[in-house]
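Number of protein chains: 2
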Amino acid sequence: MIGTKERIWRTALDLFAQKGFEATSVSDLAGRLGLSKGALYKHFADKRAILDEITRQMAEQDSLAAQKYAVPEETFSANPASYTHTELSQAIAFTKAQFGFWALDEVGAKFRHLLIIEQYGSAEFAELYENYLGRGPLLYMQDIFQTMIEQNKLAPAPAPRLAVEFYAPFTFLLSQHDRGRPFAECLAILGDCLDSFAKRYAIKPNLDT
Amino acid sequence: MIGTKERIWRTALDLFAQKGFEATSVSDLAGRLGLSKGALYKHFADKRAILDEITRQMAEQDSLAAQKYAVPEETFSANPASYTHTELSQAIAFTKAQFGFWALDEVGAKFRHLLIIEQYGSAEFAELYENYLGRGPLLYMQDIFQTMIEQNKLAPAPAPRLAVEFYAPFTFLLSQHDRGRPFAECLAILGDCLDSFAKRYAIKPNLDT
């Protein structure tokens, strides 16, 4: 059983991902929920606050997954020390788990579709897209790899290229999954790409930590 | 000086990429062009025919680029023999040229944005997206690599993985360019990724043909 507040943001995400954020009105949403606008405003000040709540949920999922796979939770500039403990095997396990989340989790997949369709419509969605699916995860991997190179865990190579080699298959295969390519097949190819990456760059392969 | 017909489809593409295909009416378009709907219908039967013309232009660009870089123009099933002459260096030069087209050409970039924002809205746009930016180019590279492996030009490896390793950075870096990352920087990283690909798989590197 989910509470009213959660029911509101989940339903809002359905509508945003279908019709777009701008095109969805609070009236549409209240109608779909069978609530008065007044009842809705008790939980959220406006449509914007609903989007903020969804974004917060996504950031929380990200943090929990990072904890689970013992990879850094914060950015490199916020906490560089946390980057020194990361092994490539952990980054790979984390990446595969996040692939499952963005592909299969109902909220994750819809949020991702919303960012994709809205990214050219407003600077705000462009930034959300970058934070969750673009430059955000790219720089995160780049900082992990740069640290690993300095620790002699990874062959010396330009970290910006390594980050693209590692991360681009992730977004590409999510898009293939959206188009109906079976999840198991997409995940298997991603796994092959990541293993191949580890094989060519890891100095001390440590794949079963 | 461009003719009326070209002015119509170029302006339509502007509107489609801004507002979406469904949300753009023939009246909007006629208004923007300063033409009567009657004058517009002399050139195109409907909005659909305009989209078909844009798609045709994009397919033609693709063919001309393929000719220029001497890579196969047709699918593997239509003309397998044409795949036997391709060198990795040609595929790399073609890919870099197409990166410039999709990133910098006004029509190319707008058509790409249109496919991205509409891909979750209709099966038709999902298919166009796949043909131009997804499974279409992916399978094209996969067939080129499979043929090269059989010819002993490329190290034996699963072609589906090779195609993702080769092609995913292309789409990812186009998206980075859309977000304001400088073209020269995106192209340089793409070039590094492709050179690194050639270094690890090409059996007889042949990069200056």
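If you read the sequences in order, they're chains A and B.
For the first sequence, numbering that gives the first Met the number 0 begins at 0 and goes up steadily by one.
For the second sequence, numbering that gives the first Met the number 0 begins at 0 and goes up steadily by one.
Idealized CB from N, CA, C, for every residue including glycine.
Here the structure is a predicted model, which is why all the values come from computation and not from measurement.
Listing by chain order, which chain B residues have their CB less than 7 Å from the CB of A:Thr74? Scanning chain B for C-beta atoms nearer than 7 Å to the C-beta of A:Thr74 yields nothing, as the closest lies near 18 Å away.
Are the beta-carbon atoms of B:Ile49 and B:Ala11 separated by less than 7 Å? Note that the C-beta distance between B:Ile49 and B:Ala11 is below 7 Å.
Just the C-alpha distance for B:Gly120 and B:Tyr128, rounded to the nearest angstrom, thanks. In a straight line, the C-alpha of B:Gly120 is about 11 Å away from that of B:Tyr128.
Counting only beta-carbon separations shorter than 7 Å, does B:His112 have a partner in chain A? True, the Cβ-Cβ gap to chain A drops below 7 Å.
Look at the Cβ atom of B:Leu87, then the Cβ atom of B:Ala201, and state whether they are nearer than 7 Å. Cβ distance < 7 Å, so B:Leu87 and B:Ala201 count as in contact.
Taking C-beta pairs closer than 8 Å, name the residues in chain B that A:Pro181 reaches, listed in chain order. Residues of chain B passing the Cβ test: none, with the nearest at roughly 13 Å.
Between A:Glu123 and chain B, is any beta-carbon pair separated by less than 7 Å? A:Glu123 does not count as touching chain B.
Under the assumption that A:Phe20 contacts A:Gln60 (Cβ atoms under 8 Å), give the Cβ distance between them as a whole number of angstroms. Between A:Phe20 and A:Gln60 a beta carbon distance of about 20 Å is seen, past the 8 Å cut, so the two are scored as non-contacting.
Should B:Arg178 be flagged as near chain A, meaning a C-beta pair shorter than 7 Å? It does; some Cβ of chain A falls within 7 Å.
Only counting the same chain, and skipping five residues up and downstream in sequence, which positions put a Cβ closer than 6 Å to that of B:Leu113? These residues qualify, in order along the chain: Phe15 and Ala16.
B:Leu186: which of A:Arg199, A:Ile116, A:Gly37 and A:Arg160 sits nearest, CA to CA? For the residues A:Arg199, A:Ile116, A:Gly37 and A:Arg160, the minimum Cα distance to B:Leu186 belongs to A:Arg160.
Between the beta-carbon of B:Ile143 and the beta-carbon of B:Thr83, is there less than 7 Å? Between B:Ile143 and B:Thr83, the CB-CB gap reaches or exceeds 7 Å.
Could you tell me the alpha carbon to alpha carbon distance between A:Gly179 and A:Asp191, rounded to whole angstroms? Using only the alpha carbons, I get a separation of about 20 Å.
To the nearest angstrom, how far is the alpha carbon of A:Gly33 from that of A:Trp8? In a straight line, the C-alpha of A:Gly33 is about 14 Å away from that of A:Trp8.
Would you be able to state if there are at least three C-beta pairs under 8 Å between the segment 52-72 of chain A and the segment 93-110 of chain A? Yes, the segment 93-110 of chain A is in contact with the segment 52-72 of chain A.
Just to make sure I have the definition right: I need the residues of chain A whose C-beta is within less than 7 Å of the C-beta of B:Ala167. Which are they? Neighbours of B:Ala167 in chain A, taken as residues whose beta carbon is under 7 Å from its own, are Ala167, Pro168 and Phe171 in chain order.
Flag A:Tyr119 as yes if its beta-carbon sits less than 7 Å from any beta-carbon of chain B, otherwise no. It does: the Cβ of A:Tyr119 has a partner Cβ on chain B nearer than 7 Å.
Just how far apart, CA to CA, sit A:Arg199 and B:Arg199? So the two alpha carbons sit approximately 9 Å from each other.
Starting from the beta carbon of A:Glu129, find every residue of chain B whose beta carbon is closer than 7 Å, and list them in chain order. What A:Glu129 touches in chain B: Arg178.
For A:Leu137, which option in A:Ala102, A:Phe165 and A:Ala77 has the closest C-alpha, if you only look at C-alpha atoms? Among A:Ala102, A:Phe165 and A:Ala77, the Cα nearest to that of A:Leu137 is on A:Phe165.
Counted within 10 angstroms of its Cβ, other Cβ atoms place B:Thr170 as buried (16 or more) or exposed: With 16 or more other Cβ atoms from the protein chains shown falling within 10 Å of its own Cβ, B:Thr170 counts as buried.
Have a look at A:Ala44, A:Leu189, A:Ser62 and A:Pro71 and flag the residue whose alpha-carbon is nearest the alpha-carbon of B:Ala162. Closest in alpha carbon position to B:Ala162, among A:Ala44, A:Leu189, A:Ser62 and A:Pro71, is A:Leu189.
A:Ala154 by DSSP, collapsed to three states: which one? In the structure shown, A:Ala154 sits in coil (DSSP, three-state: anything other than H, G, I, E or B).
Taking all protein chains shown into account, do 16 or more other C-beta atoms lie within 10 angstroms of the C-beta of A:Ala92, making it buried, or fewer, making it exposed? The C-beta of A:Ala92 has 16 or more other C-beta atoms within 10 Å across all chains shown, which makes the residue buried.
Excluding sequence positions up to five away, which residues of its chain have a Cβ less than 7 Å from the Cβ of B:Phe75? Within the same chain, B:Phe75 has close Cβ partners Tyr82 and Asp142.
What first and last residue would you give for the alpha helix (DSSP H) that runs through A:His84? Going by DSSP, A:His84 is part of no alpha helix (DSSP H) at all; its letter is neither H nor E.
Under 9 Å from the C-beta of A:Asp104: neighbouring residues of chain B: Residues of chain B passing the Cβ test: none, with the nearest at roughly 16 Å.
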